[in-house]
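Report on one structure; see the data block that follows.
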Amino acid sequence: MNIAIVGGGIGGLATALYLSRAGIAVRIYEAARELKPLGVGINLFPHAVRRLYELGLEEPLSRVGIKTRQFAFYTQHGQLLHEEPSGLLAGYNWPHISIHRADLHQVLLDATLKAIGPERVHLGHPCTGFAQNAEGVDVHFSGGLASIRADAVIACDGIHSAIRRQLYPGEGKPVFGGINMWRGVARGKPFLSGATLTRVGPISTGKLVIYPIRDYDDGTQLINWVAEIRRHVDAPNDWSKTGRLEDFLPAFAHWRFPWLDIPALLEASVPVLEYPMVDRDPLPRWTFGRITLLGDAAHPMYPRGGNGAAQAIIDADVLARELTRGGDIERALAAYETARLPLTSEIVRTNRTKPPDHIIELAEQRSGYQPFTDIEAVLPKAERDDILDSYRRTTQFDIAAVNGGKA
Ligand SMILES: Cc1cc2nc3c(=O)[nH]c(=O)nc-3n(C[C@H](O)[C@H](O)[C@H](O)COP(=O)(O)OP(=O)(O)OC[C@H]3O[C@@H](n4cnc5c(N)ncnc54)[C@H](O)[C@@H]3O)c2cc1C
């Protein structure tokens with residue numbers, strides 16, 4: 010079997026690792042001429058970390074990421090709403106890792122180059138489309154590059170997937186839900202536990218997600234943040250577009266809390282990146298004969314619950330298992346879709362309506378966006394747990410499923 014993977018992002022590299030481990034010959038075709046360290050922070054919950062460790066990446070990930078120990082939710086007034094342990098401390102057999110996307114990408118790339126050899130990673134190959142018949146698939150590229158032939162093609166070419174566009178020509182642009190995001194990193198002293206994934210404020214007034222992603226020898230950390238504000242923007246969906254501090258800093262100007270001076274953190278972050286919160290409606294099908302979609306090409310979702318990278322990695326695992334079951338390729342790709350499409354569609358919908366930070370929204374609404382004296386009277390723990398547990402079940406990272414090997 011000879012498989013072409015289009016796109017060398019997180020999903021494409023994880024797919025290459027899983028397939029090569031299963032003894033399947035793969036080649037990667039990536040549009041970028043050079044794989045640069047791009048993006049900011051990403052969370053990998055235990056359902057993703059379990060798989061990355063299975064791929065032999067425990068040691069390099071431990072060197073670059075932070076093992077996050079706690080989730081904390083605060084109001085816009087800096088009042089603690091809810092906290093709970095995360096990863097190993099919560100009882101999972103695998104940690105929760107917060108990491109710079111560039112570090113995660115580099116760890117996957119190093120492992121891929123070792124597993125399949127650099128001659129099988131083709132940079133500067135922007136895919137423009139494909140043609141298939143009963144025997145195989147021809148993949149076409151721009152810039153006069155020769156087409157290649159493969160037994161099957163896995164489209165891992167992200168939210169603007171060229172292959173998805175060919176399969177669904179009428180789909181158009183990603184769906185913008187009215188929230189804009191600014192993202193950045195700054196080096197600073199550890200805050201809270203030094204390993205806390207912190208969510209602050211409701212989306213109606215402006216929300217921040219803040220967590221450390223790298224430790225330095227001098228005791229400082231690289232602290233990642235994402236600001237979300239309900240605002241219409243015409244910014245393109247380009248992960249590398251730079252943004253302006255003055256466009257969002259005023260919403261957080263008074264957020265100087267005893268546990269973190271947020272305006273100082275935002276001001277210390279250069280550059281700031283801007284990205285509209287977009288996703289796409291779930292599709293009825295990903296697999297068409299010898300072609301299938303994976304990761305953001307299949308199910309781009311709001312980056313709200315730590316599942317964008319994780320679900321791409323899980324896709325890769327399930328796809329490899331189906332392809333190694335034997336039988337024909339088309340059956341395997343169809344079985345992969347059956348296993349993954351309904352679940353990921355549900356995550357896309359849940360990230361729109363009831364992500365984990367929904368508990369901040371509810372508490373703030375009920376307290377009239379004012380400080381409160383008793384959180385139990387506003388949003389009892391049982392209700393908070395219910396929302397968070399429900400999200401974990403939908404995204405398959407509840408402890409029973411992960412430790413039981415089902416997720
Ligand atoms: C530059 C960049 C920065 C990002 N930064 C963040 C971040 O800071 N935080 C976050 O949560 N998520 C970020 N993401 C998205 C995140 O990586 C994905 O949501 C998630 O990891 C799923 O991975 P994926 O492989 O499906 O998609 P991606 O990681 O987006 O990878 C898609 C890959 O396909 C390549 N590609 C695109 N079109 C073509 C084509 N026509 N032919 C060949 N190759 C193609 C792209 O160059 C890219 O390498 C970023 C993505 C990119 C590309």
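Numbering follows the working numbering, in which position 275 of the sequence shown is assigned residue number 284; successive positions increment by one, without gaps.
In this text, a Cβ means the ideal position worked out from N, Cα and C, and glycines have one as well.
Length of the line joining the Cα atoms of residue i and residue j
{"i": "Gly377", "j": "Gln85", "result": "12 Å"}
{"i": "Ala161", "j": "Ile322", "result": "19 Å"}
{"i": "Asp290", "j": "Lys250", "result": "24 Å"}
{"i": "Leu292", "j": "Ala307", "result": "8 Å"}
{"i": "Asp398", "j": "His149", "result": "44 Å"}
{"i": "Ile338", "j": "His367", "result": "41 Å"}
{"i": "Leu328", "j": "Ser29", "result": "12 Å"}
{"i": "Ala164", "j": "Ile172", "result": "6 Å"}
{"i": "Glu355", "j": "Leu342", "result": "20 Å"}
{"i": "Trp268", "j": "Gly48", "result": "26 Å"}
{"i": "Ser151", "j": "Leu302", "result": "20 Å"}
{"i": "Leu8", "j": "Ala13", "result": "Only positions 10 to 416 of the chain appear in the structure, and residue 8 is not among them; the question remains open."}
{"i": "Arg36", "j": "Arg129", "result": "5 Å"}
{"i": "Pro194", "j": "Leu388", "result": "Looking at the sequence shown, residue 194 is not Pro but Val. Going by the C-alpha atoms only, they are around 32 Å apart."}
{"i": "Glu93", "j": "Ala81", "result": "7 Å"}
{"i": "Leu44", "j": "Pro135", "result": "13 Å"}
{"i": "Ile436", "j": "Ala155", "result": "What the structure shows of the chain is the stretch from 10 to 416, and residue 436 is not part of that stretch, so it cannot be assessed."}
{"i": "Arg59", "j": "Trp103", "result": "6 Å"}
{"i": "Ile232", "j": "Gly74", "result": "12 Å"}
{"i": "Asp226", "j": "Gly96", "result": "24 Å"}
Residue i Cβ short of 7 Å to ligand 1 heavy atom set
{"i": "Val35", "result": "no"}
{"i": "Arg299", "result": "no"}
{"i": "Val15", "result": "yes"}
{"i": "Glu346", "result": "no"}
{"i": "Gly42", "result": "At residue 42 the sequence reads Arg, which differs from the Gly that was named. No, ligand 1 has no heavy atom inside 7 Å of this Cβ."}
{"i": "Gly18", "result": "yes"}
{"i": "Leu122", "result": "no"}
{"i": "Ser249", "result": "yes"}
{"i": "Tyr177", "result": "no"}
{"i": "Glu39", "result": "yes"}
{"i": "Arg208", "result": "no"}
{"i": "Ile51", "result": "yes"}
{"i": "Pro135", "result": "yes"}
{"i": "Ala277", "result": "no"}
{"i": "Pro312", "result": "yes"}
{"i": "Asp366", "result": "no"}
{"i": "Leu47", "result": "yes"}
{"i": "Gly317", "result": "yes"}
{"i": "Ala306", "result": "yes"}
{"i": "Phe192", "result": "Before going further, note that residue 192 is Arg rather than Phe in the sequence given. Answer for Arg192: yes, Cβ within range of ligand 1."}
{"i": "Ala321", "result": "yes"}
{"i": "Asp3", "result": "Any question about residue 3 goes unanswered here, given that the chain covers just 10 to 416."}
{"i": "Gly21", "result": "yes"}
N- and C-terminal bounds of the beta strand (DSSP E) containing residue i
{"i": "Gly186", "result": "Val184 to Gly197"}
{"i": "Asn102", "result": "That residue, Asn102, is in no beta strand (DSSP E); it is neither H nor E in DSSP."}
{"i": "Arg239", "result": "Gln230 to Arg239"}
{"i": "Ala410", "result": "No beta strand (DSSP E) contains Ala410, which is instead part of the alpha helix (DSSP H) from Ile408 to Asn412."}
{"i": "Ala13", "result": "Asn11 to Val15"}
Which of helix, strand or coil DSSP assigns to residue i
{"i": "Thr382", "result": "coil"}
{"i": "Ala171", "result": "helix"}
{"i": "Arg208", "result": "strand"}
{"i": "His149", "result": "strand"}
{"i": "His134", "result": "coil"}
{"i": "Arg110", "result": "helix"}
{"i": "Arg158", "result": "strand"}
{"i": "Val116", "result": "helix"}
{"i": "Ala164", "result": "strand"}
N-terminal and C-terminal residue of the alpha helix (DSSP H) that residue i is part of
{"i": "Ile222", "result": "Per DSSP, Ile222 belongs to no alpha helix (DSSP H); it is in the beta strand (DSSP E), Lys216 to Asp224."}
{"i": "Thr403", "result": "Lys390 to Thr403"}
{"i": "Phe261", "result": "Leu258 to Phe261"}
{"i": "Glu144", "result": "Note, Glu144: premise wrong, no alpha helix (DSSP H); not H, not E."}
{"i": "Leu201", "result": "No alpha helix (DSSP H) holds Leu201; DSSP gives it neither H nor E."}
{"i": "Leu26", "result": "Ile19 to Arg30"}
{"i": "Leu371", "result": "His367 to Arg375"}
beta-carbon residue i near ligand 2 non-hydrogen atom, thresh 7 Å
{"i": "Ala171", "result": "Here the bound small molecules are ligand 1; ligand 2 is not part of this structure."}
Proximity test, Cβ basis, 8 Å: residue i and chain D
{"i": "Ala244", "result": "The structure shown contains no chain D; it holds only a single protein chain."}
What ranges does the alpha helix (DSSP H) occupy inside the segment 265–344, keeping only unbroken runs of at least 4 residues that lie completely in it?
271–276 and 317–333
What are the uninterrupted segments assigned as alpha helix (DSSP H) that are 4 or more residues long and contained completely in the segment 33–99, given in chain order?
55–63 and 67–73
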